[in-house]
Structures are given as C-alpha cells and as structure tokens.
C-alpha cells in the first residue's frame, strides 16, 4: 500500500481496513435487497413514498461509491498486487449488482413527468433536493427508456467495456520498448512514465532513438489495438441505434446536453486558426537550426527555450498555489491548503487523477517530480478536487458530480492562474522565456492537438456508420492526413501515423472535444481573474463550481457570462495565444 507524506493511508480515510470494506459491501448489498423488496411497484404511490425511496436510494449509492473508490484506489496504488486486483473486481461487481437490483426504480420514475413531480413536491417539500436528478433521468432516457431495452443496453455495455480494458492493459502494462542509448547516461529503459521526459532531451539524435523505440513499440501491436478500437466504436454505434439515435455522435451530444453545432464550430475554428499553430511550429523548426529538414514527431517535445533549473518541492508548490490562486478568494485558498493532506505524490505512473467520495475530501493521485510541469499538473488536479469539494458541500449527492466542460474549466483555470503568476514572478529573461514557451505549448496541446483528436474521432465513427472496418492502415492514413492538415506540410506526418493508439481518451466516446472548449474559456477566465484581482467574477465562478451538475453545462456557464454556443471565448483565447510568440 502506497503511503503519502501527510497521512497514514488514503484508503483508511474511506474504511479503516479491508475487513471494514468487506462489511460495507455486505451491508450495502443487504440494504439494496431490502430496498427492492420494500419499494418495487410502489415508488410513485405517494409524495411521502417517493421521498423515502429517493432518500434511501441516495444513501445506498453513497455507500456503493465508497466501496468502489476503495477498490479502485487500492488497485491504482498497487497495480501489481493480485489481492488489489481482486478487490477492484469485486467493487465493480458490487456496483453492477446494486444497479441490477435497483433497475426497477428507473422504470417507475420514468412513469411520472416533471409536472407530476412538482405537484408531489408541493405536498412533500423535501423532494425538491431530487429535482435535478429527475430532470437528468428524464433527459437521459427520452431515447430508449423501455425496461427490456435498458437491460439489453446494460448487457452490451458490460461486454463492451472489455475493449477499453484490454487496450489499456496492453498499452499501459504489457507493452515493452527497446532500450535506447544516451550519450551520457548509457542504456536507458523506456517506459510510459519516462518517455515524455526523454523526448524533451536536447540531444536530437537521442530523441530520434527514443521515438523509434516508442513508436516501434506501438506499431508492433497496432493491428490488435485497431481491432479493439473498432469493437469499442461499434459497441457505441449499436447502443446509440438501439436507443433510437441516428449515430453515436448524436447520442453523445444528447448525453452532454449540448448541440452538435458546438462540436462542428470547434473544428471550424481550429482549422481556421491552424496557420497560427503552424507558424509556431515553423519557429520551432527554424530554431533547431537544421534548414531543409522536416519537423519530426520527436521534435515536438523538445523545449523551445532552455529549461530553468528552478525546482518546486511539495512545500514550495503549496506556497506558489496559495499565492497564484488568491484571486479566487480566501475560502478557495484555504481549501487549497487543506488539500495538501490529501495528495498521493508518489502514485505509480501513469496514474494521474482525482477521485471523490461524497462527503469526504477528494484525493489527488500523481507522480510529483519537483518540476514546473508537476506543479502545473498538481494545480490542474486540485482544480478538479476543489470543484468536487465545493459541489459536495453545496449540493445533494445526485447533483454534486461535475459536468465534463465545467470540470475541465475548473482544472485549466487553475493551471493558467499559476502560469500567469509564475510569469509575474520570473526573475530574469531566461525564466520568462521558458515559461512563455511552456504557455504556448500548453495551449497548443489543449486546443489544437485535442481538436485534431476530436476531428479524428468524428471521422472514425463516420467510417463505422458507412460500414468500414477500422484497420490499422485506414486509421493510420486518417490520422496522418489530419496531422498534415493541422501541423502543416513541413511536418513529417507519416512517421507518426500510429501515434493515435496511445490516446486512451478515445475510449470515452466523444469527450475529446471538451478540452479545447474548456481551454479557451479557462484562458479567458484566468486572464480576467488575474488582471481584475478576483471580485466580482471570482464570486460568480465559485458559484458556478458549487452548483455541481444541478444545471446543464450551458446554463452553468451563463453564471460566469459565457455563452457556450456563441463562442466569443475562442477569439479572446486565440488572441492571447498569438500574443505569446
């Protein structure tokens, strides 16, 4: 079990030991069995009955979440342990068991409309806390809500998740790379945890060897990974068709409560401004000092400016973050301080995420390396953590989970506030130059790179709709064509044709589009907060975070004056980006 610097164990913050976890699992299963026996067929019998049903269901799900996160954390902190793997599998099975036993609830909730629910609320005012949940249930199942269809969809999803799990197991645990020779450090073993660092080495010949090893490792399994991705996309298409959607794209936009035009507008903006991206890449090629040679995949990771020697311990990080995030107000800054007792800084790579158990503090898992990049990653994850904490404090369980776009805004706004603070504090031109190039690269990765992936994903799903099979050559050609479109003719796109396989987010159907949108909003928001010193924008921003997912994303963003469909944030963010170089 991994220990962090501040607390005996993040697992013990959920359950004191495995025996207590086992007892909790048995307890929640017994409660669920009793819940089904008591309430099936009478859920909407009266306002009082509905309130009691939802109250007990909420408590069951809170316990299910605790059981699941305990199993997940135990596995992610010790992935080589068979016992941890078995506990995680049991946690997943427990979630499925509870979902199966409580499926009757959804059937019965779909029998009442919101007008009837509001009438019930007039008699039983406590029901108002569950209104956002009922709204989401009604929205989610306006397509394919019949019980027998939902059962088929659940079975399809249960089988289909193995495509994602198999791909991630192959990529993250089984894939091996050929060792490479470093001119000063001898033979270097290439892993998922160090390949990005190795690709930032100033020695171009060494970077080339790293790239050959890494891309060569991916290429060895590209046919298998292409087949797994085909299976995943096909599953998403079948699920969408069963629910009456015309495509998996339409189903995903319905899921996210946004219009498809939002996605299309993003791709239009990204293509329109790709020349600015290409201009920055041309500067990179020219500064490399090798005229006539194309820009290679392994050149993209080398810093444009020399890295500064400054390091940031976790203690330093706490000081930087509390200073940089001052515009968000004293409550937010205090939460940041408190969050440092809930960080696992030595989590096995490539584990980086923030987990959450309702009514408990979120936990950040990462591999902190005392670098600026680690500092920014920590700022990002604490953005997620503080978003969850604010929502947990202000919202009931069903409304506390963060929507995707606001969640990414919360994380990226933190990153940009820290970057702007570091630029203000830079003591010399060398440090300022390094931070500026870092800001350029951060934006390019979040906006142009993710927009490219969003377009790739759209084309892939279209290919399946047209009856194609996703072979490695087809996917490689599609990906390299988009690389040439976004990165320009001076980029050796064909060499990186297999690079798409390392993007595990492609197994989260149509979520890549959220990062570019959130990035532009975050840049605009952070710039305003940094310049204005916080109020009153900070108050509105924290209000938005505290709303959780009690409102659709577009309505949440209206709180901070952002019209999601209008897209003014693109113009402001891209102007800020172009001013950096």
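Numbering (my numbering), first residue to last: 5 to 585. Ideal placement from N, C-alpha and C gives every residue a C-beta, glycine not left out.
By the criterion of at least three beta-carbon pairs nearer than 8 Å, the stretch 502 to 515 is not in contact with the stretch 312 to 321.
Assignment of beta-bridge partners to residue 371 by DSSP yields 350. Note: residue 565 is not bridge-paired with any residue in the DSSP secondary-structure output. Restricting attention to 523, 548, 537, the CA atom closest to the CA of residue 270 is found in 523. The Cβ-Cβ distance between residue 412 and residue 498 does not fall below 8 Å. The continuous alpha helix (DSSP H) containing residue 336 extends over residues 334 to 343. Residue 29 counts as buried, since at least 16 other C-beta atoms from the protein chains shown sit within 10 angstroms of its C-beta. In the DSSP annotation of this structure, the continuous segment of the alpha helix (DSSP H) that includes residue 422 starts and ends at 408 to 429.
One thing to note: residue 452 has its Cβ within 8 Å of the Cβ of residue 274.
Taking every protein chain shown into account, the CB of residue 241 has 16 or more other CB atoms within 10 angstroms, so this residue is buried.
DSSP lists 184 as the beta-bridge partner residues of residue 192.
Non-local C-beta neighbours of residue 113 in its own chain, meaning closer than 8 Å and more than five positions away in sequence, comprise 47, 48, 138, 141, ordered along the chain. Listed in chain order, the alpha helix (DSSP H) elements of length 4 or more contained wholly in the stretch 90 to 132 are 107 to 113, 118 to 127. Straight across, the Cα-Cα distance linking residue 198 with residue 56 is about 52 Å. Residue burial is scored here from C-beta neighbours: residue 551 has at least 16 other C-beta atoms within 10 angstroms and is therefore classed as buried.
Of the residues 133, 20, 332, the one whose Cα lies closest to the Cα of residue 540 is 332. By the 16-neighbour rule on beta-carbons within 10 angstroms, residue 569 is exposed.
DSSP places residue 202 within a helical segment (H, G or I) once states are collapsed to three. In this chain, the beta strand (DSSP E) harbouring residue 359 covers 357 to 359. Annotation for residue 151: the continuous alpha helix (DSSP H) segment containing it runs 151 to 173. The beta carbons of residue 415 and residue 388 sit closer together than 8 Å.
Rounded to the nearest whole angstrom, the C-alpha separation of residue 136 and residue 402 is 7 Å. Taken atom to atom, the span from the alpha-carbon of residue 286 to that of residue 441 is near 14 Å. By the Cβ neighbour-count rule, residue 575 is exposed, with fewer than 16 other Cβ atoms within 10 Å of its own. The beta carbon of residue 202 sits closer than 6 Å to the beta carbons of 214 from its chain, once the five residues preceding and following it are set aside; these are given in chain order.
Take the alpha-carbon of residue 533 and the one of residue 329: they are about 9 Å apart.
Taking 8 Å as the cut-off, the beta carbon of residue 356 is found no closer than this to the beta carbon of residue 322. For residue 485, the enclosing alpha helix (DSSP H) has its first and last residue at 476 to 491. For residue 233, the uninterrupted alpha helix (DSSP H) run begins and ends at 226 to 246, by DSSP. Separation of residue 128 and residue 561 (C-alpha to C-alpha, rounded to the nearest whole angstrom) is 31 Å. With respect to the C-alpha of residue 584, the residue from 264, 445, 297 having the closest C-alpha is 445.
Looking from the CA of residue 179, the closest CA among 166, 156, 220 belongs to 220.
Contact check for residue 504 against residue 460 passes: the beta carbons are separated by less than 8 Å. An exposed status is given to residue 42, since fewer than 16 other beta-carbon atoms sit within 10 Å of its beta-carbon.
Residues of the same chain with a CB within less than 6 Å of the CB of residue 245, apart from the 5 flanking positions on each side, do not exist. Shown here, residue 495 sits in a strand according to DSSP, grouped into three states.
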